[in-house]
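Notes to accompany the following structure.
In full-length UniProt numbering, the protein residues as written are 1 to 214.
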């Protein structure tokens, strides 16, 4: 039996590749995702430039805790809209996973915001990898709109926060919550049992800050 394990493995791999189906498939939105990636790939992050030129990082801003009743004029997106905006299901799943990490037992979020006359939403949220670090995020949107086109520009100070094709997990989680998640009867928490078992406070993980999952 053992000498034939390799043969059986290759047969099983062939059958899986030939007839299997991915658990998270982008087939139904692949054309929209590709179209958005092509449209965004050469675009400079002008919001990042605006933030830096105006010195918003140097200013002490009066942030306040966010609740489900705040920012109700934020664009409403569907699950499909979010996957297109995030350029696929991978970042979509990362957004849900990270949101579960900053979601408290009572349903409130460890997320602070400031909305002023500039029409750019300013937020600060716990870093995905280092619990003691705070990341500041900026999102410009069209009020009371629907669809991913209502999200105009975004920028986060994390290592991957300047990208215009897709976005970092901080931005993705915020957009997911404000546009879709808070209207659900219950926000999914994929790693809730793991968070309870492994407390990371005070522990600095050995991980590169420019990880693709940031």
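Yeah, the Cβ is synthetic: ideal placement off N, Cα and C, and Gly gets one too.
query, result
"Check whether the Cβ atoms of residue 151 and residue 111 sit closer than 8 Å, and answer yes or no.", "no"
"For residue 51, collect the residues of the same chain with a Cβ closer than 8 Å to its Cβ; drop the 5 residues on either side in sequence, then sort them by chain order.", "57, 138 and 155"
"Would you kindly report the start and end of the unbroken beta strand (DSSP E) that includes residue 112?", "111-115"
"Is residue 138 helix, strand or coil by DSSP?", "strand"
"For residue 155, which beta-bridge partners are listed by DSSP?", "138"
"Do residue 72 and residue 181 have their beta-carbon atoms positioned less than 8 Å apart in this structure?", "no"
"Kindly indicate the opening and closing residues of the alpha helix (DSSP H) around residue 51.", "46-53"
"Looking at the structure shown, is residue 43 part of a helix, part of a strand, or coil, going by DSSP?", "coil"
"Could you tell me the distance, in whole angstroms, from the CA atom of residue 115 to the CA atom of residue 64?", "10 Å"
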